[in-house]
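Working notes for the structure below.
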Amino acid sequence: MAGQDTGQILQYFIGIIMAALLTHECVVETLDLRFSYIDGQPRHRRPRSTVTGMSLTINQIFDISLTDTNSKTYKNLSGRIESVIDTSYSNKLTGYEVGSAKVTGFRPGSVIVDYTISTTSHTPDFEAANTQVSDSLRTQGIILAEDAFAQSDQTVFTTDQLYPLQKVELNCIESDFAKQQIKWTVDNKDPALDNTRYLLSNNNRTLTVKNTSISDSGRYSCIIQRNTIPHIQWQNIVIKQRPSIIVGDKYRVFPCDGSSFQLKCSVDAGYHIEWVVGGTVLISGSDSLILNYATQKGSCTEETFTCRLKDLPQLQSYSYSYSSVTVRISPEDYDCRNEELGVGKTDEVKTGVCGKDMKGTIKYKCESGFWKPVEDNCVLEVINKLKNELESLRVEEIPVIMADLSSATAQHNIIVAQSAATVQAIVDILFNIADLSQSVVINKSVMGNFLATVDIIVTFSASATWNKLNKGNNAENTSIKLLSAIENISDHLTDEFTIFINSIQLIRTIIKNSFSTISRLPNSATEIVIPQVPQETTITIIIFSPLYTVLPSQGTKNRRRSDVRISGDVVVIKVNEKLNNISFTFDIQSLGFRQCVFWDCSLNTWDSTGCEIKCPRNKIICECNHTASFSILMSPFFIVHIALDYITYIGVSISMACLILCLIIEAIKWKSVRRNDTTYMRHVSIVDIAVSLLIANICFIIGAAITEQEQPISLSRCTPVVFFMHFFYLALFFWMLISALFLFYRTVMDFSQMSRAKLMTIAFIVGYVAPLLIAVITVASAGPKNYVSQQACWLNWFESKAMLGFVVPALTIVGINLVVLIVVLYKMLGRGIDATTQPDEKHALVVIARCVAILTPVFGLTWGFGIGTIVSRDFGIHVVFAFLNSLQGFFVLVFGTLLDIKSTRAAASSTSGQTFLLRMRQRNVSEANISLTSSDSSNSSYAIMND
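First residue of the sequence shown: 171, per the numbering used here; consecutive thereafter.
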């Protein structure tokens, strides 16, 4: 008691001293002067600290190594962040306990860092401290996102095990809702945007998931906005997969002879089931259950047996919770009999349940008195379980599921190799994991497990299984998915490493200038040579031993040929830069017709375009050169051939030179063409056609250069080039349309009363405003990311069909111009040819041929070959298209300008002009002169001969 009295007296005097100091305006730091008593003596008690959960977001792609706390990547990044946080918070955060910062984990979503700190303040002000953290990390090359920081606490919104179709209510807990704004996210997406699945109520405090499914699994976050940083409460919620209860045929017949029959029931792992008849439970067990039921001889009845989920009464109202079999006991005759399948007639098909450790069904057919299996859809149970887990798999769980998959396939390698359904399920898992990995980078451990799994399913012992898969209705779909999975995941590797497995070798390294390597796989001597690399880059090479029983010899659009097979190694190469030349040397003998091919992922087929084969002695050398050609403008096919390259670049160069010359000539004679509206409008069209085509070709050359330098295509550099190329090629077509329509109207009707200003206004609106609107609408509808192709600097086809924004208007105009040409020819032939032609051109076919030759390039009719490039990969049609249209500038100069000068001079020296005009008037021909030569140089009009 004496000690306590002493403490109270001491506190009293300290209070007096503090009051005195404050009275004299002294600045005193606030102290927590609380005392405790130990052995009767007063002791000062330090303020109690609290642990606060925090998070920050880094702007970088998530590295899957960050899920492993023992990895070098995890330790390095967490150490740097902890050090910066500790230093910054020590300087700027009041009440922070030095050394308490601890990184607890990393999550995807860029990179979200979870960490904890200890503070003695209940309401710490993080603004200054977090600013210093952000600045310090930036100096180390770690860039944080905007509004990167948050207080983050893992909470429990629900403790119930959730099942499909249930309604779930999640409540956000906060002491003072009136002053705080609440927002929910589900895997960083706003549920308020999907009112068919979610409902927000109670001032956003409550989030209701209306009808749950496994796709609703994810991280549910309640974000409470505050003045400093938001407070996030979150929970990872898992919805169990919808159970698939398999009982086989729902109706069966058994003999009425007193024998017993057997009913099998199987459900996904994790559930328990029971057989019920009339509300009475006959037998119960785990996820696989067999009911043996004895019949009474002479008692031919019908009864329904139900297999339902056990111990889950809350799910009994859902149809997925049970499955029934109706059994009829009958004395009828039969050809086949089985205690599980029942009886049946010859050729009748029944469905049974798979055996132990397998999930799925088997189809049987009654043949020769026995039920014989004809289709096995049984999947190894452990693989089926992993496949079901994929539906709710998060990115950070990829390493775990890949390790489990690799272990399961290795442990059951014999069963896996002999089960087509299991191989197909494994390929589906690999494909989905590769697809999920598109937002992260993959390390050596995950890639090693991936390739180890691939190695088991493509082993030689699995050849018969692949033969079954390739003979199915979907032919090569499984093998194509496997190829795609390997391609996709190899795009997202990190670091340098090598992997060697039985039939697979992976090399990931940094290369400079040139590169070569030789396969180290057994019975393989494949050599890869890259003679030149534009700049230092990372390359990934995966070599597979012969896979002729696995890979398709043809694409999905062609049936597999029995006399064609993949012989030799298959090589996958991934590199960040564009490689124009790659050489592969294969040691193969005793082959007939040989062909080097590469896999076109966009079309799911093998393609030999751009690859040349050489055969020195007993080796085969494949040299592949991949660049872009002019035919890509209208074709979804990326045709690669050296001949197309030469045609494209030489043709476009000649075309650009001719267009410049055309513009110079038009400028020189511009005054002479302004004498009447018809001549003036014709030459305006020629000038605008030349300008549009010249600028479009310049953009094409720039785009081709970008394509050569960068793979994949750089959106920031390519998008503006593609937009202007798109706009000016469209402008070219619309000015060709204007040229054709002027000829049409001057030939068919008279609009001479329309003023020149009005004609010019209409022409420029159609010629430039319409193409601009189409180009802008295409960008808006496709989106910036899907506007440009990933293969070349041109409009996208496969993801957004943005190319239709050019192809449809262009081919429509080509069709209209073709109709105009036919109408003009018809009018000319209908009025007679004799009086309107030169003496050496009186034959109708000669006149028509000359008209077509002159007007085809001016009207853009050669672009009609684009239809062929759209529907066909045939090399010939692409060559014709590239040749004619890359030289369009040359044709415009010759037929639009040079022949016009020649015709004008010929007309000026002609003495038969007046006679010609009189004949035309006698025939009541309109002012539109459709002759091949005109005697009036001031009225050259829209003559077909382009005088």
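Ideal placement from N, C-alpha and C gives every residue a C-beta, glycine not left out.
Exercise for review: To the nearest angstrom, report how far apart G512 and D419 are at their CA atoms.
Suggested key: In a straight line, the C-alpha of G512 is about 10 Å away from that of D419.
Practice item. Just confirm the distance between the C-beta atoms of W404 and N374, as a whole number of angstroms; I'd bet it's less than 8 Å. Key: Not quite, the Cβ-Cβ distance comes to about 16 Å (not below 8 Å), so this is no contact.
Point to revise | Rounded C-alpha distance that separates Q395 from Q351 | key: 5 Å
**Study point:** I1123, DSSP secondary structure in three states
**Key:** Residue 1123 falls outside the range modelled here, since the chain spans only 171 to 1117, and no answer is possible.
Review point. Which residues in the same chain have their Cβ closer than 7 Å to the Cβ of A632, if we skip the five residues on either side of it in sequence?
Key: A587, V593
Review point. When DSSP labels each residue in this structure, what does A655 get in the three-state scheme?
Key: helix
Practice item. Using three-state DSSP, classify D665 as helix, strand or coil. Key: coil
Check your understanding: For I208, is the classification buried or exposed, using 16 other Cβ atoms within 10 angstroms of its Cβ as the cut-off for buried?
Key -> Any reading at I208 must be qualified, since the residue scores a pLDDT of 45, below 50, and its modelled position is unreliable; the value itself is stated next. Burial call: exposed.
Exercise for review: Would you list the residues sitting across from A464 in a DSSP beta bridge?
Suggested key: Partner(s): S430.
Review point. Does the segment 610-627 come close enough to the segment 668-680 that 3 or more CB-CB pairs lie under 8 Å?
Key: yes
**Study point:** Continuous alpha helix (DSSP H) stretch holding V544: start and end
**Key:** Here V544 belongs to no alpha helix (DSSP H); instead the beta strand (DSSP E) covers 540-546.
Exercise for review: Compare the Cα-Cα distances from L485 to each of V268, T382, D305 and report the closest residue.
Suggested key: Of the listed residues, the one whose Cα sits closest to L485 is T382.
Review point. Helix, strand or coil: which one does DSSP assign to L963?
Key: Sequence check: residue 963 is Cys here, not Leu. Looking at C963 - three-state DSSP - the assignment turns out to be coil, as it is neither helix nor strand.
Review point. How far does the beta strand (DSSP E) with M973 in it reach, from first residue to last?
Key: Looking at the DSSP string, M973 is not in any beta strand (DSSP E), and its letter there is neither H nor E.
**Study point:** Rounded straight-line distance, which links the Cα of V597 to that of L652
**Key:** A straight-line Cα-Cα distance of about 6 Å links L652 and V597.
Check your understanding: Relative to the alpha-carbon of Y285, which residue among R250, D295, R308 has its alpha-carbon at the smallest distance?
Key -> R250
Review point. Exposed or buried, which one is D625 when buried takes at least 16 other CB atoms within 10 Å?
Key: With 16 or more other Cβ atoms inside 10 Å of its own Cβ, D625 counts as buried.
Review point. Which residues in the same chain as V741 place their Cβ atom closer than 8 Å to its Cβ, once the five residues preceding and following it in sequence are excluded?
Key: T696, I698, I711, I712, I713, F714, F754
Practice item. Report the partner residues of Q395 according to the DSSP bridge assignment. Key: DSSP, once it has assigned bridges, lists Q351 as partnering Q395.
Point to revise | Selected residue, minimal CA-CA separation from T366, among N372, E782, L377 | key: L377
Point to revise | Residue closest to I234, alpha-carbon to alpha-carbon, out of G279, N261, G738 | key: Considering only alpha carbons, the answer is G279.
Check your understanding: Do V273 and S306 have their CB atoms nearer than 8 Å?
Key -> no
Practice item. Rounded to whole angstroms, what's the CA-CA distance from N300 to E316? Just pull it up for me. Key: The straight-line gap separating the alpha-carbon atoms of N300 and E316 is approximately 12 Å.
Check your understanding: Cβ of K789 less than 8 Å from any chain B Cβ?
Key -> Absence of chain B from the displayed structure is noted, only one protein chain being present.
Practice item. In angstroms with no decimal places, state the Cα-to-Cα distance between A271 and N341. Key: 30 Å
Review point. Is it the case that the Cβ atoms of E287 and T222 are separated by a distance below 8 Å?
Key: It should be noted that the sequence gives Ile, not Glu, for residue 287. Result yes, Cβ atoms of I287 and T222 sit closer than 8 Å.
Exercise for review: Tell me where the beta strand (DSSP E) around Q405 begins and ends.
Suggested key: 401-407
Review point. Who pairs with F714 in a beta bridge, going by DSSP?
Key: I674, V740
Point to revise | Neighbourhood of N966 by C-beta, 8 Å cutoff - its chain only, sequence neighbours within 5 removed | key: A952, N956, Y957, V958, S959, Q960, A972, M973
Practice item. Classify A837 as buried or exposed, calling it buried when 16 or more other Cβ atoms lie within 10 Å of its own Cβ. Key: exposed
Point to revise | Nearest-angstrom Cα separation, counted from M851 out to A910 | key: 11 Å
Check your understanding: By how many angstroms is the C-alpha of Y996 removed from the C-alpha of I935?
Key -> 30 Å
Practice item. Use the C-beta contact count for V552: other C-beta atoms within 10 angstroms, 16 or more gives buried, fewer gives exposed. Key: buried
Point to revise | Buried or exposed (CB count within 10 angstroms, at least 16 for buried), K529 | key: Per the 10 Å Cβ criterion, buried.
Practice item. Look up V1095 in the DSSP assignment and say whether it is helix, strand or coil. Key: In this predicted model, V1095 has a pLDDT of only 31, less than 50, meaning its place in the structure is not dependable enough to derive any value.
Check your understanding: Between the segment 984-991 and the segment 942-951, do three or more beta carbon pairs fall short of 8 Å?
Key -> At 8 Å Cβ cutoff, the stretches do not touch.
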